[in-house]
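Below is one structure, written out as structure tokens; the observations come after it.
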Amino acid sequence: MSSSVPAYGPDAPGRLAALADVTASDAALRRFLHGLPGVDAVGLEARAAGLGTRSIKTTAKAYAIDLAISMIDLTTLEGADTFGKVRALCAKGLRPDPTDPGTPHVAAICVYPDMVATAREALGEGSGINVASVATAFPAGRTALPVKLADTADAVAAGADEIDMVIDRGAFLSGRYMEVFEEIRAVKQACVRADGTVAHLKVIFENGELATYDNIRRCSWLAMLAGADFIKTSTGKVAVNATPPNTLLMLEAVRDFRDAVGVQVGVKPAGGIRTSKDAIKYLVMVNETLGDDWLSPEWFRFGASSLLNDLLMQRQKLSTGRYSGPDYVTVD
Amino acid sequence: MSEKSERPENSERSERSEKDGKAERTGKSGMAEQQARLAVFKTYKLYVGGKFPRSESGRVYEVTDSKSGQWLANAPLASRKDARDAVVAARKAVAGWSGATAYNRGQVLYRVAEMLEGRREQFVREVAEAEGLSKARAAAAVDAAVDRWVWYAGWTDKIAQVVGGANPVAGPFFNLSTPEPTGVVAVLAPQESSLLGLVSVLAPVIATGNTAVVVASQRAPLPALSFGEVLASSDVPSGVVNVLSGRTAELAAPLAAHGDVNALDLAGADADLAVELEAAAADTLKRVRRPAAEDWAAEPGTSRLTAWLETKTVWHPIGV
Chain A
1 MSSSVPAYGP DAPGRLAALA DVTASDAALR RFLHGLPGVD AVGLEARAAG
51 LGTRSIKTTA KAYAIDLAIS MIDLTTLEGA DTFGKVRALC AKGLRPDPTD
101 PGTPHVAAIC VYPDMVATAR EALGEGSGIN VASVATAFPA GRTALPVKLA
151 DTADAVAAGA DEIDMVIDRG AFLSGRYMEV FEEIRAVKQA CVRADGTVAH
201 LKVIFENGEL ATYDNIRRCS WLAMLAGADF IKTSTGKVAV NATPPNTLLM
251 LEAVRDFRDA VGVQVGVKPA GGIRTSKDAI KYLVMVNETL GDDWLSPEWF
301 RFGASSLLND LLMQRQKLST GRYSGPDYVT VD
Chain B
1 MSEKSERPEN SERSERSEKD GKAERTGKSG MAEQQARLAV FKTYKLYVGG
51 KFPRSESGRV YEVTDSKSGQ WLANAPLASR KDARDAVVAA RKAVAGWSGA
101 TAYNRGQVLY RVAEMLEGRR EQFVREVAEA EGLSKARAAA AVDAAVDRWV
151 WYAGWTDKIA QVVGGANPVA GPFFNLSTPE PTGVVAVLAP QESSLLGLVS
201 VLAPVIATGN TAVVVASQRA PLPALSFGEV LASSDVPSGV VNVLSGRTAE
251 LAAPLAAHGD VNALDLAGAD ADLAVELEAA AADTLKRVRR PAAEDWAAEP
301 GTSRLTAWLE TKTVWHPIGV
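Below, the structure written as structure tokens:
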């Protein structure tokens, strides 16, 4: 493939259509997904661990910290969320460190659908920050398809720029791949706004529930074939969330997908990334696996909430030479 | 101070213990031919967050007997990152320890004294080697340290009555002052008195509900590092006390400038270093206790307890 196109661009459906025979029937899709090479678990974990040992210091560290801040989907997904909390989060996303105007803003604010309008209003026009909304009965995804589609359409209508959907893990694990595929397609349709523009779709796998690396690889291809703009590791609501090996596996799937189909898809690890050190390990992984093309908020995101504070404290340490503490950042 | 990554040729010491081993065994007939036991050396480690890590830097330094200059052990030469980790652990422990009832803190501290008493022999030996004392004087120092700890354990639920109270005010209000812990206290332990001095500066910090990052005596850190083991086997929650060994000046600088340290005890700093650290601490408005010539054996009084307390005063209307 000579050049690649972004997954949310106008040319992507054409490229995907070239693989229509793969997704023509349940049997064909199963044959294709089970025909993907098996994952070398030991090799994958060793590679992920190896990439985690790089030492990133001084100017490279400062660059990585700013890049990581600009890639954060600042998230609040609690039953106890209030309008006030969402507004506070938006203020923090706009100006993460009020003492240093040079701090970049975050990529997006990620909330539940009923908070989208509040977040949209709090961010204002032209902030450069997207509003992302989880949808399709997040985090379990256990409702009927019409409800999921209504949930999605509602969030889009309220002003969401990005939709984070969860797949039906039950269907995936019992081998009903076509059902999962059709569901992602249907949700993608629901992301179309009244004026014809489209909200970006992130597809959450919940790796902690997929049980094997092979399943994660199959799920990545399945979601990308169905038209996902981003693939996301987890909801952050189960015991195992983003880990370096399963994120590396998804990065490799994205790379292979671009080589094969010519469509570039983004990756978002979420849950369990709390320290700057962890975040920088992920950036090293992106750089070594995918290169510069993905090292921007457009193609790589962190789903996180407490990570931002640690990045800010590290940033303050680099600029003042003094270790900072939680007294110098907002803790909610 | 020389840095070594390997254990040196401690020939003299191992010969001595071999000799001792032989002497013992020849007493029991038939065992004389058996080979003497190999010496088992102790790896002294830091005490951070309830665990015993080596220094993040991997460095160690040699600790020698204060009189003969004979090698005793390698102690970890902690780095500023170890100091940072210790502060993180101490901060994490603040909520639990300051929120524990004063009575409970007293019980826990008394338990520490019990554990220390149980390892008396070990500490007598370590203190004698560290400070060049005779066995009798080292034993007296260890006993004094245990007694000092018990004395401070008793203060936990009494200090509030002594320094807090109901204030008379010109209005229909109850006006109540209560002492509250300052937070994370970085303590530079005294350089000369390796155990009694350490106990005398550490006990008041945690008795009042603060958590501590202690930099042990640079020349004689072994009793302090062993004291970490005593704390770990008592009921002191992890992170309440963190013990670092290494160069005092190297560790004190990041602690004095650290934004998450609330107070600084300079007992173990010399005059020049103390001035430097006090200036660094001013940037983050820390409470600082300056070093002074102190007789650790003397009655301590309550000044070290009140140094790490903040007074909270509340006004409450009467009759509502």
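In order, the protein sequences belong to chains A and B.
Oh and the first sequence: position 299 is 299 in UniProt numbering, straight run, nothing missing.
Oh and the second sequence: position 307 is 307 in UniProt numbering, straight run, nothing missing.
Positions of the beta carbon are idealized from the N, C-alpha and C atoms, including for glycine.
Asked                                                                                                                                                                                                        : Found
Checking contacts by CB at 7 Å: is Arg84/B closer than that to chain A?                                                                                                                                      : yes
What are the partner residues of Asp265/B, as DSSP defines its beta bridges?                                                                                                                                 : Val187/B and Arg289/B
For the stretch 170-236 of chain A, list the alpha helix (DSSP H) runs that are entirely contained and at least 4 residues long, ordered along the chain.                                                    : 177-190, 207-210 and 213-225
Taking C-beta pairs closer than 8 Å, name the residues in chain B that Asp327/A reaches, listed in chain order.                                                                                              : Gly259 and Asp260
So what's Met285/A in DSSP terms, helix, strand or just coil?                                                                                                                                                : helix
Below 8 Å on the Cβ atoms is my guess for Asn215/A versus Asn246/A; work out the distance and round it to an integer in Å.                                                                                   : Asn215/A to Asn246/A, Cβ: 10 Å. No contact.
CB Ser200/B to CB Met115/B, shorter than 7 Å?                                                                                                                                                                : no
Compile a chain-ordered list of the residues in the stretch 86-99 of chain B whose CB is closer than 8 Å to at least one CB of chain A.                                                                      : Val87 and Arg91
Counting only Cβ pairs nearer than 9 Å, list the residues of chain A close to Pro181/B.                                                                                                                      : Ordered by position in chain A, no residue passes the 9 Å Cβ test against Pro181/B, which lies about 15 Å from the chain.
For chain B, find out if any of its Cβ atoms is closer than 7 Å to the Cβ of Arg31/A; answer yes or no.                                                                                                      : no
Which one or two residues does DSSP pair with Cys90/A in a beta bridge?                                                                                                                                      : DSSP lists no partner for Cys90/A.
Given this structure, state the Cα-to-Cα distance separating Arg219/B from Glu121/B, to the nearest angstrom.                                                                                                : 21 Å
Report yes or no: is there a C-beta of chain B within less than 7 Å of the C-beta of Arg322/A?                                                                                                               : yes
According to DSSP, is Glu310/B helix, strand or coil?                                                                                                                                                        : strand
Which of helix, strand or coil does DSSP assign to Lys22/B?                                                                                                                                                  : Per-residue confidence for Lys22/B stands at a pLDDT of 46, beneath the threshold of 50, marking its modelled position as unreliable; the derived number appears in the next sentence. Reduced to three states, the DSSP call for Lys22/B is helix.
Considering only the beta carbon of each residue, do Ala216/B and Leu202/B sit closer than 7 Å?                                                                                                              : no
Tell me whether Ala60/A is buried or exposed, calling it buried when 16 or more other Cβ atoms sit within 10 Å of its Cβ.                                                                                    : exposed
Using DSSP's beta-bridge definition, name the partner residues of Asn175/B.                                                                                                                                  : Trp315/B
Taking the alpha-carbon positions, what's the Gly14/A to Pro6/A distance?                                                                                                                                    : 12 Å
Return the Cβ separation of Val127/B and Leu195/B in integer angstroms, given the expectation that the two are a contact with Cβ distance under 8 Å.                                                         : 5 Å
How many Å lie between Gly9/A and Val261/A at the Cα?                                                                                                                                                        : 14 Å
Do Leu285/B and Leu208/B count as a contact pair if the criterion is CB distance below 7 Å?                                                                                                                  : Looking at the sequence itself, residue 208/B is Thr, so the reference to Leu does not match. Their beta carbons are not under 7 Å apart, which means Thr208/B does not touch Leu285/B by this criterion.
Measuring alpha carbon to alpha carbon, tell me which of Ser70/A, Asp154/A, Arg31/A and Gly102/A ends up nearest Ile129/A.                                                                                   : Ser70/A
Please classify Gln314/A as buried or exposed, where buried requires at least 16 neighbouring CB atoms within 10 angstroms.                                                                                  : buried
In chain A, which residues lie less than 7 Å from Pro254/B when you measure between Cβ atoms?                                                                                                                : Tyr323
Tell me where the beta strand (DSSP E) around Gly266/A begins and ends.                                                                                                                                      : Gly266 to Lys268
CB-CB under 6 Å to Gly325/A, same chain, minus the five flanking residues each way: which ones, in chain order?                                                                                              : none
Output the distance between the C-alpha atoms of Ala41/A and Ser25/A, rounded to the nearest integer angstrom.                                                                                               : 30 Å
Taking the CB atoms as reference points, tell me whether residue 326/B and Leu277/B lie closer together than 7 Å.                                                                                            : One cannot answer for residue 326/B here, as it falls past the ends of chain B, which runs 1 to 320.
Taking the alpha-carbon of Leu89/A as reference, which of Leu51/A, His105/A, Trp221/A and Phe181/A has the nearest alpha-carbon?                                                                             : His105/A
Can you confirm whether the stretch 155-172 of chain B touches the stretch 241-255 of chain B when touching is taken to mean that 3 or more C-beta pairs between the two stretches lie within less than 8 Å? : no
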